[in-house]
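> Same order as they appear, the protein sequences are chains A and B. Counting from 215, one number per residue, gives the positions in the first sequence under the working numbering. Counting from 6, one number per residue, gives the positions in the second sequence under the working numbering.
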Amino acid sequence: MTLSPDRYSSITIILHWIMGFAFIAMLASGLVMEYVDLDRAVKFPLYQLHKSVGVLLIAAFVLRLAARLFAPTPALPDTLPPLEKTLAKLGHFVLYGLMIAMPMSGWIMSSASSSGLPIMVFDLFEWPLIPDLSGNKEIGGLAREAHTILAFTLIGVLVAHVGAVIKHAVVEKTNLLTRMWWS
Amino acid sequence: MKILPSLAIASLLFFSAPSFAEVYDIDYSKSTLTFSGNQAGKDFTGHFNTWSASIDFAPDALADSHISATFDTASAKTGDPMLDSAMPKADWFHSKSFPQATFTSQSITANDDGSYTMTGLLRIRDQERPVTIPFTLSDLSAAPVNAKASFTIDRTAYGIGMDSDPSGEWVDKSITITLDLTANTQ
């Protein structure tokens, strides 16, 4: 039996923090684009930036999933009651699902748009649109709805994710952050 | 009584001295067909790189003067990869189904200031609309002749961008088309 490590792998730690802040920025920019009456000269580049980061998040997810599957994972502390362990595992599973469903639904939205605008990642290279979706209002509408619902779900799960860390730190005096940092 | 018809014919021959419109050859290396507008707050200017026009024109034979033009919608380029990629797509020019746009003049009239006003039909996609195009000419006696024209169209009248942006939220509805032609008589 191999000993469980104290922390996640370095690649997972790096990706966790980068992706965490990227997703917070994506949620913020998404809410701004959807609900704030911005001048189009600001809104258009914001859309392109949002799409560029979205493409990078798909790539980051692939790395992250591989690291999660193939690198050793620290066991949850024994101080955690079984129900909370189950909740934590379920929560992490849902987070992984959201991390890929968010950019994928956005990619489908962009592909189904009739505007024909390509996804130019930071003006450096073109990320292809999914073929034969352009102008498909049904799929575009569903993807848009999913993108919205998933975004609000992600906000809720993120609050629970951070809230759980704070709760364990305050109530049980257990610092879970050491699992996600080098110490 | 027989003299009247003869007089009529004679007067016709005399007063409307036969004048015919000249045929001009366009020097495409020195001529541009430009379009400009505003997308997301940014002005853009593009060119149709493939087009041709035929010009029969004479100031004293405006009724016999005709101008027509054909331009390849897929040859429109602004230099902005996002716009250049979107323009030939189905919601904009739909170049696959409507590879060419055409203009055919219907009337040309001279204005007091020496400029001219042309009316005609502009066809883009499957929509044909009347347009009025003012233009100016350089001295016709000195070759080559330069013609300049500029007019504005409402892209939505031609069904351009009607699905993704019918209200002009992102791309202004008004598009200015500018011609700068250099031509020589045959």
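Where is the CB? At the ideal position from N, CA and C, for every residue including glycine. Keep in mind it's a predicted model, so treat the numbers as computed, not measured.
Looking at the secondary structure, which residues open and close the beta strand (DSSP E) in which P51 (chain B) lies?
Along the second sequence, one-based indexing puts residue 51 (chain B) at 46. First, the amino acid is wrong: residue 51 (chain B) is Gly here, not Pro. Bounds of the beta strand (DSSP E) holding G51 (chain B) are K47 to F53.
> Check whether chain B comes within 8 Å of L331 (chain A), counting only Cβ atoms and requiring the distance to be less than that.
Position 117 of the first sequence, counted from the start, is the residue given in the question as residue 331 (chain A). It does; some Cβ of chain B falls within 8 Å.
> By how many angstroms is the C-alpha of M323 (chain A) removed from the C-alpha of D253 (chain A)?
What you label residue 253 (chain A) is simply residue 39 of the first sequence in a count that begins at 1. What you label residue 323 (chain A) is simply residue 109 of the first sequence in a count that begins at 1. As the crow flies, the alpha-carbon of D253 (chain A) is around 22 Å from that of M323 (chain A).
> Expressed to the nearest angstrom, what Euclidean distance is found between the alpha-carbon atoms of A66 (chain B) and I182 (chain B)?
To locate residue 66 (chain B), count along the second sequence from 1; it is residue 61. To locate residue 182 (chain B), count along the second sequence from 1; it is residue 177. Between the alpha carbons of A66 (chain B) and I182 (chain B) lies a gap of roughly 26 Å.
> Would you tell me roughly how many angstroms separate the C-alpha atoms of L290 (chain A) and A302 (chain A), rounded to the nearest one?
For the purposes of this step, residue 290 (chain A) is taken as the residue at position 76 of the first sequence. For the purposes of this step, residue 302 (chain A) is taken as the residue at position 88 of the first sequence. So the two alpha carbons sit approximately 9 Å from each other.
> Compute the beta-carbon to beta-carbon distance between Q132 (chain B) and L88 (chain B), rounded to the nearest angstrom, for a pair I have assumed lies under 8 Å.
By one-based count along the second sequence, residue 132 (chain B) stands at place 127. By one-based count along the second sequence, residue 88 (chain B) stands at place 83. That belief does not hold up - the Cβ atoms of Q132 (chain B) and L88 (chain B) are roughly 21 Å apart, past 8 Å.
> Please report the straight-line C-alpha distance between S319 (chain A) and R358 (chain A), rounded to a whole angstrom.
The residue you call residue 319 (chain A) lines up with position 105 of the first sequence. The residue you call residue 358 (chain A) lines up with position 144 of the first sequence. S319 (chain A) and R358 (chain A) have their C-alpha atoms some 7 Å from each other.
> Name, please, each residue of chain B whose Cβ falls closer than 7 Å to the Cβ of R358 (chain A).
Numbered from 1 along the first sequence, position 144 holds the residue referred to as residue 358 (chain A). Ordered by position in chain B, no residue passes the 7 Å Cβ test against R358 (chain A), which lies about 14 Å from the chain.
> Are the Cβ atoms of S172 (chain B) and T157 (chain B) separated by less than 8 Å?
Taking the first residue of the second sequence as position 1, residue 172 (chain B) is located at position 167. Taking the first residue of the second sequence as position 1, residue 157 (chain B) is located at position 152. No. Outside cutoff.
> According to the neighbour-count rule (16 or more other Cβ atoms, all chains shown, within 10 Å of its Cβ), is A281 (chain A) buried or exposed?
Position 67 of the first sequence holds residue 281 (chain A). Per the 10 Å Cβ criterion, buried.
> Could you give the first and the last residue of the continuous alpha helix (DSSP H) run that contains K265 (chain A)?
For the purposes of this step, residue 265 (chain A) is taken as residue 51 along the first sequence, with counting starting at 1. Membership of K265 (chain A) in the alpha helix (DSSP H) is indicated by the continuous run R254 to F284.
> What residues from chain A crowd round A91 (chain B), counting only those whose CB sits closer than 9 Å?
For the purposes of this step, residue 91 (chain B) is identified with residue 86 of the second sequence, where counting begins at 1. By Cβ distance, chain A contributes S329, G330, L331 and P332.
> Return helix, strand or coil for D167 (chain A), following the three-state DSSP convention.
No information on residue 167 (chain A) is available, as it lies outside the stretch 215 to 397 that chain A covers here.
> From B:S120, B:N54 and B:F25, pick the residue whose C-alpha is nearest to that of D2 (chain B); which is it?
Residue numbering for chain B in the displayed model covers 6 to 191; residue 2 (chain B) lies beyond these limits and cannot be assessed.
> Report the neighbours of S348 (chain A) on chain B: residues whose CB is nearer than 9 Å to its CB, in chain order.
As a first step, residue 348 (chain A) must be located in the first sequence, where it is residue number 134. K94, A95 and D96, listed in chain order.
> Pull up the CB-CB distance for K70 (chain B) and D77 (chain B), whole angstroms please, since I reckon it's below 8 Å.
Working through the second sequence from its first residue, we reach residue 70 (chain B) at position 65. Working through the second sequence from its first residue, we reach residue 77 (chain B) at position 72. The amino acid at residue 70 (chain B) is misidentified as Lys; the sequence shows Ser. No, S70 (chain B) and D77 (chain B) are not in contact; Cβ-Cβ is about 25 Å, not under 8 Å.
> Can you tell me whether DSSP reads V250 (chain A) as helix, strand or coil?
Position 36 of the first sequence, counting from 1, holds the residue named residue 250 (chain A). In the structure shown, V250 (chain A) sits in coil (DSSP, three-state: anything other than H, G, I, E or B).
> Give the residues of chain A in contact with S169 (chain B), contact being defined as C-beta atoms less than 8 Å apart.
Taking the first residue of the second sequence as 1, we reach residue 169 (chain B) at position 164. Within 8 Å Cβ-Cβ: S327, S328, S329 and G330.
> Ordered along the chain, which non-local residues of its own chain (more than five positions away) have a Cβ less than 7 Å from that of T109 (chain B)?
For the purposes of this step, residue 109 (chain B) is taken as residue 104 along the second sequence, with counting starting at 1. S73, G125 and L126.
> Where does A192 (chain A) sit, in a helix, a strand or coil, going by DSSP?
What is shown of chain A runs 215 to 397, which leaves residue 192 (chain A) out entirely.
> Using the Cβ count rule (16 or more neighbours within 10 Å means buried), how would you classify R160 (chain B)?
For the purposes of this step, residue 160 (chain B) is taken as the residue at position 155 of the second sequence. If you draw a 10 Å sphere on the C-beta of R160 (chain B), you find 16 or more other C-beta atoms in it, and that means buried.
> Helix, strand or coil for I60 (chain B) per DSSP?
As a first step, residue 60 (chain B) must be located in the second sequence, where it is residue number 55. Three-state DSSP puts I60 (chain B) in a strand.
> Where does I344 (chain A) sit, in a helix, a strand or coil, going by DSSP?
Within the first sequence, the letter at position 130 stands for residue 344 (chain A). Coil at I344 (chain A), not helix or strand.
> Within the continuous alpha helix (DSSP H) that includes H382 (chain A), where are the two ends?
Residue 382 (chain A) sits at position 168 when you count from the first residue of the first sequence. Counting along the chain, the alpha helix (DSSP H) containing H382 (chain A) begins and ends at K351 to V385.
> Under 8 Å, Cβ to Cβ, is there at least one residue of chain B near F258 (chain A)?
In the first sequence, the residue the question calls residue 258 (chain A) occupies position 44. Interface annotation, F258 (chain A): in contact with chain B, CB-CB separation under 8 Å.
> Measuring only between beta-carbons, confirm whether R254 (chain A) sits less than 8 Å from chain B.
As a working note, residue 254 (chain A) is residue 40 in the first sequence. True, the Cβ-Cβ gap to chain B drops below 8 Å.
> Starting from the Cα of K351 (chain A), find the closest Cα among A:W231, A:V373, A:Q262 and A:S325 and give me that residue.
For the purposes of this step, residue 351 (chain A) is taken as residue 137 along the first sequence, with counting starting at 1. Out of A:W231, A:V373, A:Q262 and A:S325, A:S325 has the C-alpha closest to the C-alpha of K351 (chain A).
> So, at 7 Å on beta carbons, what are the nonlocal neighbours of D185 (chain B) in its own chain, with the 5 sequence-adjacent residues on each side left out?
Position 180 of the second sequence, counted from the start, is the residue given in the question as residue 185 (chain B). The answer, listed in chain order, is S36, T37 and K153.
> Spatial neighbours of G166 (chain B) within its chain, please: C-beta separation below 7 Å, excluding the five flanking residues on both sides.
The sequence position of residue 166 (chain B) within the second sequence is 161, counting from 1. Sequence-distant partners of G166 (chain B) (beyond 5 residues in either direction) whose C-beta falls short of 7 Å from its own C-beta, in its chain, are D96, W97, R160 and V176.
> For R160 (chain B), which of helix, strand or coil comes out of DSSP?
Stepping through the second sequence from its first residue, residue 160 (chain B) is reached at position 155. Reduced to three states, the DSSP call for R160 (chain B) is helix.
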